[in-house]
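Below you'll find the structure, written out as structure tokens, and then a few comments.
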Amino acid sequence: MKIYDERTGGEIRLLDGLRSRERGDMVQVVGLGEKVKFGRVVPLVQLQQVGNPMSLFDGSTVTDEAGRHILAGYDKDAL
Numbered sequence: 001m002k003i004y005d006e007r008t009g010g011e012i013r014l015l016d017g018l019r020s021r022e023r024g025d026m027v028q029v030v031g032l033g034e035k036v037k038f039g040r041v042v043p044l045v046q047l048q049q050v051g052n053p054m055s056l057f058d059g060s061t062v063t064d065e066a067g068r069h070i071l072a073g074y075d076k077d078a079l
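Written out as structure tokens, the structure reads:
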């Protein structure tokens with residue numbers, strides 16, 4: 001499953017740097033794939049706060065009007 005950035009429309013890729021809209025901190029994409037949630041296959045984006053290797057977490061996605069999976073709350077940014 002492809003996952004896109006809401007601001008730029010660009011595809012999210014492994015090792016991309018992203019900035020949190022809420023906190024302004026930087027995270028890096030360290031995992032992409034799929035997972036089963038409530039009996040449905042949904043996209044998986046694993047994020048890690050830059051400089052904190054113990055901060056692994058899953059990002060949330062939403063589906064836009066075109067049916068694309070959009071990463072919620074983060075925008076692409078150069079590390």
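Numbering (full-length UniProt numbering) for the sequence shown: 1 to 79.
No residue lacks a Cβ here, since even glycine has one placed at the ideal position from N, Cα and C.
Nearest-angstrom Cα separation, counted from residue j out to residue i
i, j, result
"M26", "G39", "32 Å"
"T8", "D75", "8 Å"
DSSP state of residue i mapped onto helix, strand, coil
i, result
"M26", "strand"
"P43", "strand"
"residue 82", "With the chain represented from 1 up to 79, any question about residue 82 goes unanswered, as that position is not in the structure."
"V50", "coil"
"S20", "strand"
CB of residue i within 8 Å of CB of residue j, strictly
i, j, result
"V45", "E34", "no"
"V29", "R13", "yes"
"G67", "E22", "no"
"D64", "G17", "no"
Cut-off 7 Å between Cβ atoms - residues of its own chain near residue i, not counting five sequence neighbours on either side
i, result
"D58", "L44, V45 and Q46"
Cβ shell of residue i (< 8 Å), same chain only, five flanking positions each side left out
i, result
"V50", "G17, D25, M26, V27, Q28 and L79"
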